[in-house]
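Structure, as structure tokens:
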Amino acid sequence: MADRHMFRAEWHDYNDGILFVTVCTKDKKHLFGTITNYEMHKNALGTIVEECIKAIPEHHPQVTIHNYVIMPNHIHLIIASPPCWQSRFHEHIIRNQRAFDNIMDYIDNNVARWEQDCFNLK
Numbered sequence: 009m010a011d012r013h014m015f016r017a018e019w020h021d022y023n024d025g026i027l028f029v030t031v032c033t034k035d036k037k038h039l040f041g042t043i044t045n046y047e048m049h050k051n052a053l054g055t056i057v058e059e060c061i062k063a064i065p066e067h068h069p070q071v072t073i074h075n076y077v078i079m080p081n082h083i084h085l086i087i088a089s090p091p092c093w094q095s096r097f098h099e100h101i102i103r104n105q106r107a108f109d110n111i112m113d114y115i116d117n118n119v120a121r122w123e124q125d126c127f128n129l130k
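For the sequence shown, the residue numbers in our numbering are 9 to 130.
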């Protein structure tokens, strides 16, 4: 990709802020576990992913993980960090408290909404 930042908001200062980030598995394969009865059952890899997420602030004290959810084929995080992003992930700039609260609710209820999730490729 010639310009790996071409999808960045020109009006946003990426040196500061809170972002909603989604990372999907390749081909949206269910690698992290399964959802049954509205509950995520992480497999060994899903457990490793969770341990890694929880360890991020230990390795990078300038980073705060506000919330996260591990789904069968993707993860969502609300993260505050200085700029350190690679090019191929989904991000959403959280502009205000209402947006922050909505995304917190989305993450908290993502497992319960798995049947309607756009990443659920049944």
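Quick reminder that beta carbons are idealized off the backbone N, C-alpha and C, glycines included.
Distance CB(residue i)-CB(residue j) smaller than 8 Å
i     : j     : result
Ile73 : Ile87 : yes
Leu85 : Ile61 : yes
Pro65 : Val71 : yes
Glu58 : Ile78 : yes
Collapsed DSSP secondary structure at residue i in the structure displayed
i      : result
Tyr46  : coil
Phe28  : strand
Leu39  : coil
Ile115 : helix
Rounded C-alpha distance that separates residue i from residue j
i      : j      : result
Cys32  : Ile83  : 7 Å
Lys50  : Phe108 : 26 Å
His67  : Ile111 : 25 Å
Glu47  : Thr30  : 20 Å
Arg106 : Asp125 : 22 Å
Phe127 : Ser89  : 26 Å
Asn45  : Pro69  : 36 Å
Trp122 : Tyr114 : 11 Å
Ile102 : Tyr76  : 15 Å
Gly41  : His100 : 25 Å
Ala63  : Lys130 : 32 Å
Start-to-end residues for the alpha helix (DSSP H) that takes in residue i
i     : result
Ile61 : 52-67
Start-to-end residues for the beta strand (DSSP E) that takes in residue i
i     : result
Asn75 : 72-78
Leu85 : 82-88
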